[in-house]
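Below: one structure, written as structure tokens.
If you want it as structure tokens, here you go:
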């Protein structure tokens, strides 16, 4: 198979991941409901417990794994700060538990999963409130580069409404390309996109896998994605290097004219945006 044919084949194979439909806007879908033990928290590191209630009214305790995990849990404050992609632990009764760092404000939690026997994965979302003094942050103008200590992540490509396109993220450390990225959840990177305004959720995966003999361990990670509508989106890339998972954040604009990401008119010029976070891989 020539390179061009292989490239198109990869696009076809990942067509489901590039769907132009936003998920996570509903707490219940296809008979499944995301149920939190509590939707009110105090600020700080807090345990969060929840269940996926199935069509029979009972907690689901059998799932089809995706990227080495039975369920992916994403938390983000409504102003798009504080992004966390974590993997809770489930007990025999179907209750999931995880600890999150929750600064005060309005939060959105997403559960990305596929019940055993269900044909397709789904994403459910639910709001939670964290008590305390809350100072919402303006949407940051990130440009095309994210700096995380010695690492720089560059974004190339356009997010287009209703049309699948490639987004390429290139990683360097101290100015040198990183060519020894480590597999993280069976991939060299995970990309989550959230639509600004309603936090419509897109969970896309890279083209190729670490074990396929054809996908390089950096510096480039290529994703196929499609925006459900024009507008601003926040992108969060998780990647692992030297045993640490890092998250790079971007603000991009999806438009039919494929314009470059730009600062929204209502935001103050020169806003430095949100900080990035590093966390040890467990």
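Residue numbers (full-length UniProt numbering): 1 to 282. Ideal Cβ placement from N, Cα and C applies to all residues, glycine included. Note that the structure is predicted; figures quoted are calculated from it, not measured.
State the beta-bridge partners of residue i as determined by DSSP.
i	result
residue 241	244
residue 190	238
residue 204	191
residue 78	Partner(s): none; residue 78 has no beta bridge.
residue 163	160
residue 68	Paired residue(s): none; residue 68 is not in a bridge.
residue 153	146, 171
residue 85	74
residue 251	234
Can you name, in chain order, every residue of its own chain whose Cβ lies under 6 Å from the Cβ of residue i, other than the five neighbours on each side?
i	result
residue 42	131
residue 39	128
residue 87	69
residue 220	168, 170
residue 23	123, 201
residue 183	210
Check whether the Cβ atoms of residue i and residue j sit closer than 8 Å, and answer yes or no.
i	j	result
residue 172	residue 152	yes
residue 251	residue 161	no
residue 119	residue 52	no
residue 237	residue 126	no
residue 165	residue 95	no
residue 189	residue 239	yes
residue 248	residue 148	yes
Do you know offhand how far residue i's Cα is from residue j's?
i	j	result
residue 216	residue 175	19 Å
residue 260	residue 223	Because residue 260 carries a pLDDT of 43, less than 50, the predicted location of this residue cannot be relied on, and the following value inherits that uncertainty. Answer to the nearest angstrom: the Cα atoms are 17 Å apart.
residue 56	residue 124	17 Å
residue 71	residue 150	31 Å
residue 227	residue 218	25 Å
residue 187	residue 210	6 Å
residue 98	residue 45	10 Å
residue 231	residue 92	42 Å
residue 202	residue 155	17 Å
residue 109	residue 178	32 Å
residue 195	residue 21	11 Å
residue 192	residue 204	6 Å
residue 61	residue 67	18 Å
residue 145	residue 235	12 Å
residue 37	residue 73	15 Å
residue 163	residue 256	9 Å
residue 185	residue 107	25 Å
residue 135	residue 246	25 Å
residue 133	residue 85	24 Å
residue 212	residue 77	36 Å
residue 121	residue 225	17 Å
Which same chain residues, not among the five before or five after residue i, have their C-beta less than 7 Å away from its C-beta?
i	result
residue 25	125, 198, 200
residue 254	159, 160, 161, 227, 230, 231, 233
residue 214	208
residue 157	165, 166, 167, 168
residue 59	51, 52, 53, 93, 94, 95
residue 206	187, 188, 189, 221, 222, 223
residue 47	97, 99
residue 64	114, 116
Tell me which same chain residues have a C-beta within less than 8 Å of the C-beta of residue i, skipping the five on either side of it?
i	result
residue 89	96, 97, 98
residue 180	217, 218, 241
residue 5	In this prediction, residue 5 scores a pLDDT of 39, lower than 50, which makes its location untrustworthy; the coordinate-derived value is nonetheless stated afterwards. There are no such residues.
Looking at the ligand HEM, does it come within less than 7 Å of residue i, judged from the CB to the closest heavy atom?
i	result
residue 86	For the ligand HEM, the structure offers nothing, since it holds no ligand at all.
* State whether the region 95-108 contacts the region 72-82, with contact taken as three or more CB pairs (one from each stretch) at a distance under 8 Å. => yes
* Asked: For the region 112-124 against the region 23-38, are there 3 or more C-beta pairs whose distance is under 8 Å?
  -> Output reads yes: the region 23-38 touches the region 112-124.
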